[in-house]
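Chains A and B supply the protein sequences, listed in that same order.
Heads up, the first sequence is in our numbering, so the first residue is 1 and it goes up one at a time.
Heads up, the second sequence is in our numbering, so the first residue is 485 and it goes up one at a time.
There are 2 protein chains.
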Amino acid sequence: MIDDIRLDSEQPLQHQLYQRLSERIIEQRYLPGRQLPSSRQMAQDLGISRNTVNAVYDQLKAEGFLQSRAGKGVFVHEDIMTAVNPAGPGRDKPVSGGMKLPPLPALPWLKTKRVEDASLPFQPGLPNLDAFPIRSWNRILHHQESRRSLRGYDSIQGYQPLRRAIAAYLRTSRGVRCEEHQVIITNGAQQALSLLAEVFLRPGDNILCENPGYRGARNALGRFGNPLIPIPLKNEVLDVEALPGLAPARLLFCTPTHQYPMGGILDLSQRMALVQWAGQNGCWIIEDDYDSEFHFYNKPFAAIQGLFENAPVLYMGSFSKTLLPAFRVGYLVVPEAVVEPVLWAKQISGGETPLLTQATIAEFIEIGQFTRHLRRMRQLYREKWQLFQQQVTAKLGGLVQPVAESAGMHLVLEGEFDDLALSQWLKAKGFGSTPLSAHFLGEQVRTGLVMGFASANEREIEECVTTLRSGLEGHRHRRGNRVS
Amino acid sequence: MIDDIRLDSEQPLQHQLYQRLSERIIEQRYLPGRQLPSSRQMAQDLGISRNTVNAVYDQLKAEGFLQSRAGKGVFVHEDIMTAVNPAGPGRDKPVSGGMKLPPLPALPWLKTKRVEDASLPFQPGLPNLDAFPIRSWNRILHHQESRRSLRGYDSIQGYQPLRRAIAAYLRTSRGVRCEEHQVIITNGAQQALSLLAEVFLRPGDNILCENPGYRGARNALGRFGNPLIPIPLKNEVLDVEALPGLAPARLLFCTPTHQYPMGGILDLSQRMALVQWAGQNGCWIIEDDYDSEFHFYNKPFAAIQGLFENAPVLYMGSFSKTLLPAFRVGYLVVPEAVVEPVLWAKQISGGETPLLTQATIAEFIEIGQFTRHLRRMRQLYREKWQLFQQQVTAKLGGLVQPVAESAGMHLVLEGEFDDLALSQWLKAKGFGSTPLSAHFLGEQVRTGLVMGFASANEREIEECVTTLRSGLEGHRHRRGNRVS
């Protein structure tokens, strides 16, 4: 009678028997009213213990699959199918082998590929993972790891000592005007952007974006279908003089202290003009201060957020580059009246930021480790930058043009080649990069490779440039049907 | 000449001097062309070192605030204001004391208060923080904490060993039909809901929700303004027979294995009827399996996701209750064709889930600690549940009616009182709760308190019930102008 049931030794027997029986009942291979063997018989037939069978029968009875009749035995429950299809027609169409899924959600409207496996050397945005002071970090982690107050719920806005530490750091290092109650901890910079899109944008609102620019911002800000309007660059920074000629916008995304990816730095009068234009035109500026910590020869320009009191600036930063990407901790600094709407959006879209990491970062900053780490990384990245530039000049002279200020973690190598194909070819060789053309909205493309040198060691820098040389020779002028 | 500048000893002098001078220039208190004192003179006047003044002057020159004229000294840069207002009018309206902010974002449309400070005993949803096996957990954390591969980027979908461990756990314990490639790690259950809303809902799509029901789900699913349609309960579970009479919907949110907050359990024929109704009506079911691990006397019913192959079910769970809320790790299990759109939404809205916690949970599950922990918690919560019920019966008999199956981490105490006022009063006494009336959409309110007993110890349980007795006497029948 139950000779269609086979159990294997891979999984718990009780679980398997439960699955086999319930499946057969649901698929109406065992019809309502059918008698099952006694538990003794079933155990004997399957070569398993009677306790196992009894446990499964009890579970199936509790769940309504089976019913006992006094003195008669165990039966498939009579009411199962009438409950499913009281009107009857279901009886003719047993659900065997599954159902048909309802309409599926639309595939993403974005054309760019989802980034996975982004930890290759030269991947833009990746800091040097080996230089992270893991021992000091772990010491602080061990300090914090057992605290009861870090186990439950704390605050949507973020762990208060971390907000205080960030506010103090930003006031001193970046000239940001802020108090801790204006700081909101986010799941990396990406959540910061996503929350701002949700809070600020209504259907039809325009968003101004540097062109070329940061794709993560475009994806987040454009996710509800709002028009993205490109702001052209002039001398590798956003062209402030072009703003009055563009459509009115609700948000303007920019990277004034190190344009991404071209590396230009807005000077003071451009900064003032930008902020004043925004104030006069009812436009909020999102200032992404993504790698200001790494200016090699001068202190970076102060953030535009701090230029004027009440500047219409939403300031964002992240520890993904200054500490580690895997922590996924970023922050927003917003005017007081903007805090509450952002917290609502954060609560609804994902809730709090994990506490232990927040507490560890807070202590890391408070005891001065953060400043020391930044100083070491600034030195290290400067050396890498020098080596990379020197290698590029020596080996790729004439093939590419390096475009960069003395800052940051990446360099653009501009040139006439199919940058998408070259980037993919390079990935197969074990080196990350992004094609410059992918950073453009619309058609005004320049081509090149965005190379993140921070994550590469000396040997990898030399190898990569050598590899690139042969890659460039193979991909030169092959721009195919690309619009130029 | 610079006698309006005062420095204090609280902050770095260099930072203060930079701030004072840049402010005065931006606010046009020092006009373009004005000469500043020599660094020697400035240092003497302020009583600080000349190196400090030189560093500030260099920075301000680099940023375009100041300019040197050979042999003449240091001046406020001539070009500042013309850059800001090339047409001239700005010269008459210096920006002093700040700007006016652009229009602010709308305040949240949701009426409920944002939850903060949610770690009081009896707060619904809070597990027992003291019973967490912090030593075993930390041992595993120390195992994982220094791994280089946990520092960078890994995968939007989530750490593969964790997805594998979750898939195995759900197959065996919950009868979920899944493989690891269908599992998506989320920032708690809340992000799971938020992602589903983003992926599945188009303007006008309806969402069916149990009434009363879980507010976090309503907030997430209703955040784009889609209509929330209440499904009434019958015998404390969603009334499957009522579904055909409701408007067509794209999503249906439910808690079949322990209705939140009323505690009912859908039986097998109701489960089958629900899933078949959804399949026939093109509706996706979101199955929130939020506390199925804590059924005290029987194994919980298997998840409805596993009832049929290709059931139109989006299954979600979280480690916030089984481990700790502060980890903020949850998961979705979705049909293969739904994975990619959800990953896109996750990438855009916040990126990866922090890696170290994922790796630690994976090992915690793999070595069997998770199962042992659940077994201990099931025993512990059963004892708390028994004590709480016994205390309520003994001390609050006639004042409230406890509503609950033998499962979970909370109990509803139903009764005729102003539950909002009583909940607030109780909070002031140090005990968490949520008013039952707040879990309703529309007007069909019942009143009571949702009490999370899992987080309370024996003493707190006894104290809380005693406190409640006096609170109930104070709040009886005072329902004011509430619609009944």
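Beta carbons: idealized from backbone N, C-alpha and C, even for Gly.
On a predicted model such as this, the values are computed, not experimentally measured, just so you know.
Item	Value
Quick check: the Cα distance between B/E898 and B/A651, rounded to an integer number of angstroms?	38 Å
Using a 10 Å radius around the Cβ and a threshold of 16 neighbouring Cβ atoms, would you call B/G748 buried or exposed?	buried
Could you check what DSSP says for A/E407 in three-state terms: helix, strand or coil?	It is Ala, not Glu, that sits at residue 407 of chain A in the sequence shown. Strand at A/A407.
Across which residues does DSSP place A/G284 in a beta bridge pair?	The amino acid occupying residue 284 of chain A in the given sequence is Trp; Gly does not appear at that position. According to DSSP, A/W284 bridges with A/L251.
Once the 5 residues before and after A/T466 are set aside, which same chain residues still bring their CB inside 7 Å of it?	K395
By alpha-carbon positions, which one of A/G71, A/L449 and A/L441 ends up nearest to A/R218?	A/L441
From B/D529 to B/N535, what distance separates their C-alpha atoms?	14 Å
Mind listing which residues of the region 664-686 of chain B have their C-beta closer than 7 Å to chain A's C-betas, in chain order?	N671, G672, Q674, Q675, S678, V683 and F684
List, from N- to C-terminal side, the beta strand (DSSP E) runs of 3 residues or more that fit wholly inside the region 24-76 of chain A.	66-69 and 73-76
Would B/Y774 pass as an interface residue toward chain A - the criterion being a Cβ-Cβ separation below 8 Å?	no
For B/P796, go through chain A and note every residue whose CB falls closer than 8 Å to its CB, in chain order.	M99, L101 and P102
Between A/L201 and A/F224, is the Cβ-Cβ spacing less than 8 Å?	yes
By Cβ distance, which residues of its chain are closer than 6 Å to A/E180, with the 5 residues on each side in sequence left out?	R163, R164 and A167
Less than 7 Å between C-beta atoms, sequence neighbours within five positions excluded: which residues of the same chain meet that for B/A571?	Confidence at B/A571 is low in this model, with a pLDDT of 42, below 50, so the placement of that residue should be treated as unreliable; the coordinate-derived value is given next. Correct list: empty, nothing qualifies.
Does the separation of the CB atoms of A/L332 and A/V342 fall below 8 Å?	yes
At 4 residues or longer, and completely inside the region 620-689 of chain B: list those alpha helix (DSSP H) runs for me, N to C.	644-658 and 672-684
Compare the C-alpha of B/D638 against each of B/L550, B/T837 and B/G936 and name the closest.	B/T837
Buried or exposed: B/R699, going by 16 or more other Cβ atoms within 10 Å of its Cβ?	buried
Can you tell me which of the three DSSP states A/R459 falls into?	helix
What's the C-alpha gap between A/S49 and A/I5?	15 Å
Three-state secondary structure (DSSP) at A/Q11?	coil
Using a Cβ cut-off of 9 Å, which residues of the region 341-361 of chain A contact any Cβ in chain B, in chain order?	P341, V342, L343, W344, A345, Q347, I348, S349, G350, G351, E352, T353, P354, L355, L356 and T357
B/K868: buried (16+ other C-beta within 10 angstroms of its C-beta) or exposed?	buried
Alpha carbon to alpha carbon, how far is B/S802 from B/E777? Give it in angstroms, no decimals.	11 Å
Buried or exposed for B/N719, please, with buried defined as at least 16 other CB atoms from any protein chain shown within 10 angstroms of its CB.	exposed
State the start and end residues of the unbroken alpha helix (DSSP H) segment that holds A/S423.	D419 to A428
Can you tell me where the alpha helix (DSSP H) holding A/G452 begins and where it ends?	From DSSP, A/G452 is part of no alpha helix (DSSP H) but of the beta strand (DSSP E) over G448 to G452.
Would you please verify whether the beta carbon of B/K556 is less than 8 Å from any beta carbon of chain A?	no
Since I believe B/G814 is in contact with B/Q675 (beta carbons under 8 Å), could you give me their beta-carbon distance rounded to a whole number of angstroms?	7 Å
Check whether chain A comes within 8 Å of B/W869, counting only Cβ atoms and requiring the distance to be less than that.	no
Taking Cβ-Cβ distances shorter than 7 Å, what residues in chain A pair up with B/S603?	G152 and Y153
Quick check: B/A757 and B/P796, are their CB atoms within less than 8 Å of each other?	no
From A/I140 to A/E363, what does the alpha carbon distance come to, in whole angstroms?	7 Å
Within 8 Å, do at least three Cβ pairs link the region 281-297 of chain A to the region 400-418 of chain A?	yes
Any heavy atom of the ligand ADP closer than 7 Å to the Cβ of B/S907?	In the structure on display, the ligand ADP does not appear, and there are no ligands present to speak of.
Using DSSP's beta-bridge definition, name the partner residues of A/E210.	A/I231
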